[in-house]
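Chemist: After the structure tokens below, expect a handful of questions from me.
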Amino acid sequence: MAKLRRLACLLAAGSLVMLFVTGFAGRLLFGEQITGYTLMLHVGLAPVFIVCTGFILVAWGYQCRLNEDDWQGLTSLMRLEKTDSGDTADLGWKLTFWLSMFLVVPVSLSMVLGMFQIFGTHGQELLISLHQYTSLALTLVAMIHVHLIIRRQCK
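According to my numbering, the stretch in the sequence shown is residues 8 to 162, in order.
See the structure below:
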């Protein structure tokens with residue numbers, strides 16, 4: 008089971024990197040929207056990412072749950088109170104895990120809903136913008152999560 012978890016994490020991370028590159032490279036480098044083979048690669052990798060993310064959610068969800076100490080540390084941070092770093096040591100990677108799992112929903116639903124004609128032209132443009140910004144947020148949160156996991160492993 009541990010090897011399957013690692014494989015799912017590697018596939019999800021690799022597909023997220025490729026989705027980010029195919030989604031943003033054309034716009035950043037050439038000022039163009041995604042088209043052609045780049046679009047086909049992007050659309051082909053999306054289901055791989057979603058399936059891997061669903062498996063990661065089931066496999067790692069229990070380990071990343073917030074316990075009583077995490078909730079107390081979070082409420083202390085929200086109240087801007089001084090906390091011991093040992094009390095919030097696991098809080099960062101757990102929160103970034105759940106935030107990334109939450110962000111997967113609008114990223115995927117914005118494109119699936121955009122395929123239906125019920126939203127009209129303006130609605131589809133809004134859904135594309137929602138997809139772009141939430142995918143950018145997802146990529147940033149995933150990068151922070153990977154950094155926190157690596158930092159945790161090195162301690």
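Virtual Cβ for every residue (Gly too), placed ideally from N, Cα, C.
Just checking, does the stretch 75 to 88 make contact with the stretch 118 to 126 on the three C-beta pairs under 8 Å criterion?
Modeler: Output reads no: the stretch 118 to 126 does not touch the stretch 75 to 88.
Chemist: What whole-angstrom Cβ distance do T141 and L110 have, given they're in contact under 8 Å?
Modeler: Position 134 of the sequence shown holds residue 141. Position 103 of the sequence shown holds residue 110. With a Cβ gap of about 6 Å, T141 and L110 count as contacting.
Chemist: Span of the alpha helix (DSSP H) holding Y140?
Modeler: Taking the first residue of the sequence shown as 1, we reach residue 140 at position 133. Unbroken alpha helix (DSSP H) run through Y140: 127 to 161.
Chemist: Let me know the secondary structure DSSP gives E75 once reduced to three states.
Modeler: Position 68 of the sequence shown holds residue 75. If DSSP states are grouped into helix, strand and coil, E75 belongs with the helices.
Chemist: What span of residues does the alpha helix (DSSP H) with I41 cover, start to end?
Modeler: Here residue 41 is taken as the residue at index 34 of the sequence shown, counted from 1. No alpha helix (DSSP H) contains I41, which DSSP labels as neither H nor E.
Chemist: Would the stretch 55 to 71 count as touching the stretch 22 to 31 if we require 3 or more Cβ pairs under 8 Å?
Modeler: At 8 Å Cβ cutoff, the stretches touch.
Chemist: If you reduce the DSSP assignment to three classes, tell me which class R86 lands in.
Modeler: The residue given as residue 86 occupies position 79 in the sequence shown. In this structure, R86 counts as coil in the three-state DSSP scheme.
Chemist: Counting along the chain, where does the alpha helix (DSSP H) carrying L110 start and finish?
Modeler: For the purposes of this step, residue 110 is taken as residue 103 along the sequence shown, with counting starting at 1. Taken as a continuous stretch (DSSP letters only), the alpha helix (DSSP H) holding L110 covers 98 to 121.
Chemist: Could you check what DSSP says for M25 in three-state terms: helix, strand or coil?
Modeler: To locate residue 25, count along the sequence shown from 1; it is residue 18. Helix, per DSSP.
Chemist: Distance, Cα to Cα, Y44 vs C16?
Modeler: In the sequence shown, counting from the first residue as 1, residue 44 sits at position 37. In the sequence shown, counting from the first residue as 1, residue 16 sits at position 9. Cα to Cα, Y44 sits roughly 26 Å from C16.
Chemist: Count the other C-beta atoms from every protein chain shown that fall within 10 angstroms of the C-beta of T103, then say buried if there are 16 or more, exposed otherwise.
Modeler: Within the sequence shown, numbered from 1, the residue matching residue 103 stands at position 96. Burial call: buried.
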